[in-house]
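Whatever position you read off the sequence shown (first residue = 1), add 383 for the working numbering. Read the structure below first, then the notes.
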Amino acid sequence: MMAVHIHGLQRSRLTAAVVSAILISASGAGYAAEEAAKADGAAATPTDIDAVTVTGSRIKRIGFVTPSPVIGISSEEIRSTGAVTIADLMTTLPQLSATYTLGNSTRSIGTAGLGLLDLRGLGTTRTLVLVNGRRHVGGLSGSTAVDVNTIPVELIERVEVITGGASAVYGADAVAGVVNFIMKKKFDGYELRAQTGDASEGDFSRSFASFTGGNEFAGGKGSIVYSAEYSKQDRFGRGDRKIGREFMVSMPNPNYNPALPPTQENPQRVFMGPGGNSSISYGGTFNAGATRYQFNPDGTFRPTRYEGPRDGPNTCVNCDFVDLNGVADLQPGFDRYSVNTLLNYDINENHKFFFEGKYTKTESDFLAQPSFDQPLRIRRDNALLSPQLAALMDANGLNSLTDRAKMLQVSRFNVDAGRRGENVERKTQRYVAGFEGFLSENWTYEVSGVYGKTEIDRLNLNNRINDRWQAGMDVVRDGSGNLACRVSVDPNAINPNTGVRYLDLSRQGCVPFSIFGNGAVNPQAADWFNYDAVNRTKITQQVFSASVANSSLFELPAGGVGFAGGVEYRKETSEENTDPLAAQGLTFLNAIPSRKGEYSVKEIFAETTIPLLADLPGVQRLSLDLAGRYSDYSTVGETKTWNVGLDWAVNDSFRVRASLAQAVRAPNIGELFSPQTQNFATINDPCDTRPGRTNSVNTAANPALRASNCAALGLPANYQNTYGGNYPGVSGGNPDLNVEEARSFSYGFVWQPEFIQGFGVSVDYWRVNLKDAIGAVTAEQMATRCVDSPGGVNNDFCAAIKRAPAGGYIDPQGRTFPAGTIYNWTALNENLARSRRAGVDIEADYRFEMAGGQASLRFVGTRLISSREWAFQDFPNEYKEFLTYVSDPRWRASLNASYKIGQWRASWDMRYIDGNLRVEPGSYNSNPGQVNPIRNPSYTYHNLQVGYKVPNTGLDLYVGADNVFDKDPPLNYFGEAAANSNYDNLGRYVYAGATYKF
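If you want it as structure tokens, here you go:
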């Protein structure tokens, strides 16, 4: 869509028509503008159209054409979806990856409720978000990524998305492109809107209410728009949906024929259920001799039930199992309060003052897994042991008071100790003030200042103080025969889980309790060892900019040369103060120390548009666009970016466009200044020998080399990784980082055939190559690279991975790692990766009369051609191609059909996701029969809305439904992860609303 941003102080009658016209796709913009002009009685000639500024350029243009394609969403389209927050709606655009939605925002610490945009799947830090063409303060500690859930839905006039490098025009972070939210500058009267809806399963609802008003003042010289919004959604648990209670797990196929190659007809693994993890339980699981036992709720114990197949020691079907994610939320609770105002005042006919003010508060809360232990160590003299348990311990040599390997070891999923979660409050303020106008007949100017501040208060709920938890379960009898904590009787008592003396904080009011059975942990004890850890963050942004522009600096035979240039200063700060106990690593929460940092940048930029040819056969107009920016960062020094574009109008119906750009992204505060902190990773051990694994000896490019290197690490030839948890490690920032660089290229055409009135189509090829990408090598990548090295295991990757020695390893927190298991890793940020994305965007729009009403069809689709990631750019032949993986389907598209007749209107949206792989394409190519199903089928979601305007009342009523046919996501997908969040996790959702304008 070619969308425009009006800057002129005086508007012609046609300008209003143009503004409405650009709300449809670029392909139909010319026709719609012409028709709107005719309706207003104006001639559809270029001389009647005010010059306008297009997203991606600061130069006003006639005809709103640029070499870079722009996709847009209008306020009408937003309303037709029933959206109450903007982020989830934006991620349905094929150009944007659903990296952060409300449903998957809880997967990282401190991100609940965030709405971050990710163009082309290149990362949220590489998408620049603007509001009215200006920067917006970030919403996440250490990052400039904008939380678009703070943007008021009702004040949005339109959203414009330009893909490809736009750093020359807007500065750093525009590596993948720009998303520009253009707000309403004028509003006449007052409007109330309310909406509420419910999901078809569970007790989930969303509600929304808003008030918008506006008026002119000072005899029409000034105008003001103001609004207030409130939106709310409930928490929604996985167990609230049927799909969350099926408990399907991947298991060895009992009918697999090893004499035949593995295929989908002869898979090595299949899904079965109900099943899960049997190595841990709500009440506690332990091994004695060759038998695994489980505690009953009354504290007695029994052998763990195994009535179905097993996969190794931990996974089973038709057994006593735990689904570790079964207690997690699918959606967080989310409340949003927003107050906004926009003011414009014409000082005189040449100069205008403008102001924007915003205050938004969001509150997010969710509950996730409780704390868990693998294992807890119980001494033989624990006063809460039953005679039967004590006898079993004696019979199996688990009766030592000092040897930690000869104590009872209990693995426990501590639901009765309180589920962990977060309550996150974000307060965002943003103020913009400036002047714009005419310096002369042709020269315009703009001077503005932006100040933004985000304050984040996060409570980590039920954060366990580990030493207190361990002290409270270490129960003995005191001199009076009463139950007491060992540390209360013996101040020098040793913690059997850590092997050191209990801490002083555990001696203060220790409350003894039992862990034998679900429900054994008493509330008084939980209140003693749990607390809500407080984390506070403050992010600020200051921007000062000044620019001038001339749409016709001088004349060439083909037309006027346009120019724009200016200067900008920006300062970003971030400071996060973490809870002191958590920062010391004394709680179940990751040990995250406080952090802070800042940087500033001074910039100068310029751009020009040069008409090369005009009014020739086959060349109605040919113009060249050039842009450049010089930046000087306080952290990484000087950078330069540029852009070259070509726009060729063949005739009134056909236009060709192309652009080539170099963009940069400077490292953000978190990447530069974050201290080394504890982190946890999921690792598929590359030395695991079991078949059907996504990363194992059998899936290596050179299985013999990997097997040899695994043996060199001391692992047996039949090694199986039996560790069942996440792997602790260390990650952090790097002050020596440099900038990322990207080269983007696009070319395409726009066709508006005269013989199909109201129809237009655009097709654009695009490609983005990113080098020196900032990031840390994942723990799994390091472990894999370690054993795939032709030079053996004496390399830097192996040095960053630590494996447990013979006999196993117990870490300082008491976690037990079997022999050979990875128990620690180290990964710091570096400029070492590379990314490539390529594809084709297609947009078609057709507007026509039908049965006395107005109908429209709009198609927007992206055909992905390549999605490659190099973990190490120094090895150009070693990359992963993610095209056709679940996160990168070959096709994503949407088709919108709408119809208006009289006071009635209806819209039907279809969102398409192409069939894709459940495993990475490289893994599929090496073993297409590793599991069934290995593919997800194609999906089409259907959404509808029907509305009616009550005549002569100002009242508008509407009803709608999302996921009309209640389509479940693919097997074991819950929309909680970045990879599978294209799929809806709510099920059918029905809503109704009303708008009243007066």
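The C-beta atom is built at its ideal place from N, Cα and C for all residues, glycine as well.
Query, Result
"Local conformation of Gly1330 per DSSP, three classes", "strand"
"When Ile877, Gln1103 and Ser661 are compared against Thr1382, the one with the closest alpha-carbon", "In the structure displayed, the chain extends from 384 to 1381; residue 1382 sits before or after that span and is not available."
"Distance between beta carbons of Ala1276 and Tyr1295, contact taken as under 8 Å", "5 Å"
"Met776 burial status per 10 Å Cβ neighbour count (16 or more: buried)", "buried"
"Coarse secondary structure for Met1165, derived from DSSP in three states", "helix"
"Proximal residues to Gly949 (C-beta, below 7 Å), its chain only, five neighbours per side dropped", "Ser928, Ala929, Ser930, Val931 and Phe988"
"CB contact flag (Gly855, Phe896, <7 Å)", "yes"
"Ala974 vs Gln1061 beta-carbon contact at 7 Å", "yes"
"Sequence-distant residues of its chain with Cβ nearer than 7 Å to Gly672 (five each side left out)", "Asn779"
"Rounded distance between the beta-carbons of Ala1202 and Ala1187, thought under 8 Å", "6 Å"
"Whether Ile839 touches Thr970 by CB criterion (7 Å)", "no"
"Nonlocal neighbours in the same chain, by C-beta distance under 6 Å from Gln757, ignoring five residues either side", "Ser794 and Gly1108"
"CA nearest to the CA of Thr1267, picked from Tyr553, Arg1251, Phe591 and Tyr609", "Arg1251"
"Terminal residues of the beta strand (DSSP E) in which Gly855 lies", "That residue, Gly855, is in no beta strand (DSSP E); its alpha helix (DSSP H) goes Asn849 to Met856."
"In chain order, each beta strand (DSSP E) run of at least 3 residues that lies wholly inside the segment 1166–1235", "1184–1186, 1205–1211 and 1213–1233"
"Separation of Gly1358 from Glu1213, as counted between CA atoms", "30 Å"
"Contained alpha helix (DSSP H) runs [length at least 4] in the segment 746–811, N- to C-terminal order", "770–778"
"Arg1371 in three-state terms, based on DSSP", "coil"
"Cβ neighbours of Pro657 in the same chain (closer than 8 Å, five flanking residues each side left out)", "Glu629, Phe630, Met631, Val700, Asn701 and Phe704"
"Below-7 Å beta-carbon distance, Thr1199 vs any chain C residue", "The displayed structure is made up of one protein chain only, and chain C is not part of it."
"Residue burial classification, Arg809 (beta-carbon count within 10 angstroms, cutoff 16)", "buried"
"Leu936 to Asn825 span [Cα, whole Å]", "8 Å"
"Whole-number beta carbon distance between Val710 and Gln752, since they are thought to touch under 8 Å", "6 Å"
"Backbone secondary structure at Ser410 - three-state DSSP", "Low local confidence applies: a pLDDT of 39 at Ser410 is under 50, so the model's placement there is unreliable, with the coordinate-based value given in what follows. Ser410 falls in the helix class under three-state DSSP."
"Integer Cβ distance of Ile898 from Gly667, believed to fall under 8 Å", "6 Å"
"Buried versus exposed, by CB contacts within 10 Å (16 or more), Thr698", "buried"
"Residue range of the beta strand (DSSP E) that includes Gly1116", "Where Gly1116 is concerned, there is no enclosing beta strand (DSSP E), given that its DSSP letter is neither H nor E."
"Helix, strand or coil at Phe1265 according to DSSP, with G and I counted as helix", "coil"
"Pick from Val512, Ile539 and Thr1199 that is closest to Ser457, judged by C-alpha positions", "Ile539"
"Val1333 vs Val1342 beta-carbon contact at 7 Å", "no"
"Where the alpha helix (DSSP H) containing Ala1094 begins and where it ends", "Pro1086 to Ala1095"
"Coil, strand or helix - Tyr639 by DSSP", "coil"
"CB of Asn1051 within 7 Å of CB of Ser526, strictly", "yes"
"Exposure label - Ala1360; buried when at least 16 CB within 10 Å", "exposed"
"Counted within 10 angstroms of its Cβ, other Cβ atoms place Val872 as buried (16 or more) or exposed", "exposed"
"Inter-residue Cα distance where the pair is Lys625 and Leu1278", "29 Å"
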